[in-house]
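Quick note on the numbering used here: the sequence shown kicks off at -17 and runs consecutively.
Remarks on the structure that follows.
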Amino acid sequence: MSKDAERKRLDPAKTRETILIAAFDVFAQKGYDGASVADIAAAAGVPKSLLQYHYGSKEELWKACLERKAGPVISALDRFLEAGDVAEFVAVRFQLLQENPQVARIMAWLSLGSAPLPTFMEERRARLFERGRGSPSGAEFPRLLLALAAMDGWFLYRDLYSRVLGVAVFEEAFVSRLHQLLTGVVQADPKGAEETTP
């Protein structure tokens, strides 16, 4: 056993962290269905038995990865559900994707496969549904969904957009303008929007 592997074995917190980082990368590359416990263990440099000891199953590891990355978004989502601060939710989610662009790939895999929903989504699903039904004029939720779809799409395809369109999508000014546009979408006055519609 190498010295590095021995250190991981002796330090449970370090082992859990190493496994989480490797699992997130493997899930982003292969999706939930395509990733195997063996793939993740190999990427983490640990035996499968150690991965299973710390996380139990692939499903539990999947949920742990998502909840770890989504911590700030979960807090902003809770504030949105309590007080309706949709702009803050969009801003926090944008920052998460900017700092962790692989999260957009994970979201794409969530939509394509049979991956289990993260616990935080399951726990808030009913509240999100009620919030959507109860929003004034029903306009808040569609605007939020539009902003989230645009955000996910941009982070998922920004490399392609940069190559095909020749746009410097990674420059700070471009990213800042995109953030302003997305925030504007969720803050738009639905009455004002309706009045300007022919």
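Just so it is clear, CB atoms sit at the ideal spot from N, CA and C, and this is done for glycine as well.
Your pair residue 26 and residue 33 checks out as a contact, with CB atoms roughly 7 angstroms apart and the cut at 8 angstroms. Excluding residues up to 5 positions away in sequence, 19, 20, 23 lie with their Cβ nearer than 7 angstroms to the Cβ of residue 30 in the same chain. Between residue 67 and residue 75, the CB-CB gap reaches or exceeds 7 angstroms. The DSSP-derived three-state label of residue 102 is helix. The segment -3 to 4 and the segment 78 to 87 do not touch, with fewer than 3 CB-CB distances between them shorter than 8 angstroms. When C-alpha distances from residue 44 are compared across 64, 17, 28, the shortest belongs to 17.
Inter-residue distance for residue 14 and residue 35 is about 20 angstroms (C-alpha atoms, whole angstroms). With respect to the C-alpha of residue 88, the residue from 166, 53, 125, 11 having the closest C-alpha is 11.
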